[in-house]
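S.K.:
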């Protein structure tokens, strides 16, 4: 089925370890996003990529880096994990052009990350 | 900055009731508004997308309305069922304005429980 695929689904890291969260979409969307979801905080934007080759910071970028590898793939990297980065991470994609018939977002199923 | 508020935060009702979930936003210069459903431990599933030029959208027992000038949207669920139990999130997408680049702003959700 078409959609947004995230890997891994679950991960436990020790403080200071690094890891990369992978995201791929097969809907030919231009824009891709990384959000984190925390209890009581809602969803907050970490980084986004409006189109292939561009990336920009969102609300909470500190401690993260991203790579827009190609139009399909957008990865999120934690260089030195901290307990404050324990969260559920969601990748999303959307069309960018206003004339597109469905200008909404599609979300992946999430990655549950625990940093101990 | 766009602020999105959802009321009530939680709702518990018996099966069969008709429900109204409310969403309000502070910046009326939106491009569209999207309602999502999130089941515990799962990702976000898009329910309805309303473009700023539209007044409402319907899908099965769900109807979402949009009053852009007053900064409000409602999600109406008819004849509620236990399977409707989930958290419902409202998100608005601003018109592309350079730095915002069409990002979504989320409310914190309404947690709905429908009991048999």
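Residue numbers (my numbering), protein chains in the order written: chain A, 1 to 116; chain B, 117 to 232. Note that beta-carbon positions come from the ideal geometry of N, C-alpha and C, so glycine has one too. These figures come from a predicted structure and were not determined experimentally.
Around the C-beta of residue 116/A, are 16 or more other C-beta atoms found within 10 angstroms, so that it is buried, or is it exposed?
M.R.: Flag for residue 116/A reads exposed.
S.K.: Can a CB atom of chain B be found closer than 8 Å to the CB of residue 105/A?
M.R.: Yes, its Cβ sits closer than 8 Å to a Cβ of chain B.
S.K.: So who's on the other strand from residue 129/B, going by DSSP bridges?
M.R.: Partner(s): 230/B.
S.K.: In the DSSP assignment, find the unbroken beta strand (DSSP E) run with residue 202/B in it and report its ends.
M.R.: Per DSSP, residue 202/B belongs to the beta strand (DSSP E) from 202-210.
S.K.: For residue 158/B, would you say it is in contact with chain A, using Cβ-to-Cβ distances shorter than 8 Å as the test?
M.R.: So yes, residue 158/B belongs to the interface.
S.K.: Could you spell out the range, first to last residue, of the beta strand (DSSP E) harbouring residue 185/B?
M.R.: Counting along the chain, residue 185/B falls outside any beta strand (DSSP E), and DSSP gives it neither H nor E.
S.K.: Work out the CA separation of residue 172/B and residue 192/B for me, nearest whole Å.
M.R.: Going from the Cα of residue 192/B to the Cα of residue 172/B covers about 11 Å.
S.K.: Classify residue 101/A as buried or exposed, calling it buried when 16 or more other Cβ atoms lie within 10 Å of its own Cβ.
M.R.: In this predicted model, residue 101/A has a pLDDT of only 46, less than 50, meaning its place in the structure is not dependable; the value taken from the coordinates is given anyway. By the neighbour-count rule (16 or more Cβ atoms within 10 Å), residue 101/A is not buried but exposed.
S.K.: Taking only three categories from DSSP, how would you classify residue 144/B?
M.R.: Three-state result, residue 144/B: coil.
S.K.: Can you look up residue 199/B in the DSSP assignment and give me helix, strand or coil?
M.R.: In the structure shown, residue 199/B sits in a helix (DSSP, three-state: H, G or I).
S.K.: Would you call the stretch 119-133 of chain B and the stretch 194-209 of chain B in contact, with 3 or more CB pairs under 8 Å?
M.R.: A contact exists between the stretch 119-133 of chain B and the stretch 194-209 of chain B.
S.K.: Can you tell me which of the three DSSP states residue 85/A falls into?
M.R.: Helix.
S.K.: Measure the CB-CB distance between residue 210/B and residue 160/B and report whether it falls below 8 Å.
M.R.: Contact: no.
S.K.: Of the choices 94/A, 77/A, 6/A, whose alpha-carbon is the least far from that of residue 13/A?
M.R.: Considering only alpha carbons, the answer is 77/A.
S.K.: Here's the rule: buried if 16 or more other CB atoms are within 10 angstroms of the residue's CB, otherwise exposed. What is residue 234/B?
M.R.: Any property of residue 234/B remains undetermined from this structure, which presents chain B solely from 117 to 232.
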